[in-house]
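Peer 1: In this note's numbering, the protein residues as written are 46 to 186. Note that beta-carbon positions come from the ideal geometry of N, C-alpha and C, so glycine has one too. As the structure is a computational prediction, the values presented were derived from the model and not from experiment. My structure is below; once you've seen it, I'll send some questions.
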């Protein structure tokens, strides 16, 4: 009889410790660690991809556009789910794009003509000297 409450208490303590440990432990970077940047007519792009986003947004008349540039953060890449990739690593990118020189992951947020907020994550890849969209999608929670 006395062993039942002891087993119950030990099980409860182990369970609470497990839940606390798994919830408080973050692996790598989180998307909230990155700042949003607003791109409008007056914004000076930091790289070719931002320049492409600015020109494309201007052409489509959807200013302002907000971006969150994750660069080459591999831990963020592992949370990406697109049309062609799900939780990829750099090896998967190199297999899909044999002449891959560089890659960059960016969140793009804007409002469409119906004033609905659109948020998508875009994987840009540089292959043979030119940047292009490699995939688009969202992040796994």
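Using DSSP with H/G/I as helix, E/B as strand and the rest coil, what is residue 126?
Peer 2: Of the three classes helix, strand and coil, the one that applies to residue 126 here is strand, per DSSP.
Peer 1: What does residue 180 pair with, by DSSP beta-bridge criteria?
Peer 2: Its beta-bridge partners are 168.
Peer 1: Are the beta-carbon atoms belonging to residue 163 and residue 157 less than 8 Å from one another?
Peer 2: Yes, these two residues count as a Cβ contact at 8 Å.
Peer 1: Quick check on DSSP: helix, strand or coil for residue 210?
Peer 2: Coverage of the chain is limited to positions 46 through 186, which leaves residue 210 absent and any answer about it impossible.
Peer 1: Using a Cβ-Cβ cutoff of less than 7 Å, which residues in the same chain neighbour residue 135 once the five nearest sequence positions on both sides are dropped?
Peer 2: 119, listed in sequence order.
Peer 1: With the cut-off set at 8 Å, would you say residue 5 and residue 128 are in Cβ contact?
Peer 2: Because residue 5 is not part of the residues shown, which for the chain are 46 to 186, the question remains open.
Peer 1: For residue 116, collect the residues of the same chain with a Cβ closer than 7 Å to its Cβ; drop the 5 residues on either side in sequence, then sort them by chain order.
Peer 2: 149, listed in sequence order.
Peer 1: Note the first and the last residue of the continuous alpha helix (DSSP H) segment covering residue 139.
Peer 2: Per DSSP, residue 139 belongs to the alpha helix (DSSP H) from 135 to 141.
Peer 1: Classify residue 146 as helix, strand or coil using the three-state DSSP reduction.
Peer 2: DSSP places residue 146 in strand when its eight states are reduced to three.
Peer 1: Please state whether the Cβ-Cβ distance between residue 98 and residue 107 is less than 8 Å.
Peer 2: In this structure, residue 107 does not lie closer than 8 Å to residue 98 by Cβ.
Peer 1: At the level of alpha carbons, what is the spacing between residue 125 and residue 88?
Peer 2: Distance between the alpha carbons of residue 125 and residue 88 is about 27 Å.
Peer 1: How is residue 77 classed by DSSP in three states: helix, strand or coil?
Peer 2: The answer is helix: DSSP assigns residue 77 an H, G or I state.
Peer 1: Relative to the alpha-carbon of residue 121, which residue among 76, 82, 160 has its alpha-carbon at the smallest distance?
Peer 2: Among 76, 82, 160, the Cα nearest to that of residue 121 belongs to 76.
Peer 1: Cβ atoms of residue 81 and residue 100: under 8 Å apart, would you say?
Peer 2: Not closer than 8 Å, so no.
Peer 1: Within its chain, find whatever has a CB closer than 7 Å to the CB of residue 68; leave out the 5 residues flanking it on each side and keep chain order.
Peer 2: Low confidence applies here, because residue 68 scores a pLDDT of 48, under 50, leaving its location unreliable; read the following figure in that light. Excluding residues within five positions, none has a Cβ falling inside 7 Å.
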